[in-house]
Amino acid sequence: MSVDSGSASMAARLGIKPGMVVQELGWDEDADEDLRDSVVELSGGEMVDEDSDEVADVVLLWWREEDGDLIDALVDSLAALADDGVVWLLTPKSGRPGHVEPGEVTEAAPTAGLQQTSSISAAKEWAGIRLVTPKAARSKR
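Take the sequence shown: its position 128, counted from the start at 1, is 127 in numbering that gives the first Met the number 0, and no numbers get skipped.
Below you can see the structure in the form of structure tokens.
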């Protein structure tokens, strides 16, 4: 399978590079398959799930309003994340079923020990919010 340069750039916008370990959490049938395929293609390996023992460079967390407690999900996303890793919170875009209000993310991220650095259009129906651990927290781990 070959991903065209347009969809490969989807993963590149997430900072995915060859050899990276990408953990996927919250997958459901509404997840964007083109984005998923581009991540696999660019990283060069299948994504791992929550049962993996590998340390993840990037966590893709698919999240919808009805999925439960966002703070808990964000804390769980840190379990296998490398010290300098990135969490991409993927939420349905505004006006789509399951849309998460930005204020909810703004409140949940710091409580989970993360800070928001940027937002992008990750896929046709999905927004991506880049979350990292603050530098001060990184030096203490």
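C-beta: ideal position from N, C-alpha, C; glycine also.
Whether residue i touches residue j by CB criterion (8 Å)
i: Leu24; j: Val58; result: yes
i: Arg141; j: Thr116; result: Missing from the structure shown is residue 141; the chain here goes from 0 to 140 and no further.
i: Val20; j: Val38; result: no
i: Ala122; j: Asp31; result: yes
Exposed unless 16 or more other CB atoms sit within 10 angstroms - verdict on residue i
i: Val54; result: exposed
i: Asp56; result: buried
i: Ala78; result: exposed
i: Gly127; result: buried
i: Thr132; result: buried
i: Glu40; result: buried
Inter-residue spacing [alpha-carbon to alpha-carbon] between residue i and residue j
i: Val2; j: Arg12; result: Low confidence applies to Val2: its pLDDT is 41, below 50, so where it sits in the model is not reliable, and the reading given next is rough at best. Those two C-alpha atoms are separated by around 15 Å.
i: His98; j: Asp83; result: 28 Å
i: Met0; j: Ser42; result: In this prediction, Met0 scores a pLDDT of 40, lower than 50, which makes its location untrustworthy; the coordinate-derived value is nonetheless stated afterwards. Straight-line Cα distance between these residues: approximately 14 Å.
i: Asp66; j: Pro17; result: 31 Å
i: Ser120; j: Trp26; result: 18 Å
i: Glu103; j: Ser76; result: 17 Å
i: Asp68; j: Ala107; result: 9 Å
i: Ile70; j: Gln114; result: 12 Å
i: Pro96; j: Gly44; result: 31 Å
i: Ala135; j: Glu100; result: Unreliable positioning characterises Ala135 in this predicted model, as indicated by a pLDDT of 44, which lies under 50. The coordinate reading is nonetheless provided below. One C-alpha to the other measures close to 28 Å.
i: Gln22; j: Ser8; result: 19 Å
i: Glu124; j: Gly94; result: 10 Å
Bridge-paired residues (DSSP) for residue i
i: Ala126; result: Thr90, Ser120
i: Val57; result: Val21, Val85
i: Leu80; result: Ala55
i: Val47; result: Gln22
i: Val131; result: Gln114
Cβ-heavy atom distance, residue i to the ligand ADP, below 7 Å
i: Arg12; result: No copy of the ligand ADP appears in this structure; indeed no ligand is present at all.
Is it a yes or a no for the stretch 48 to 66 touching the stretch 78 to 92, going by three-plus beta-carbon pairs under 8 Å?
yes
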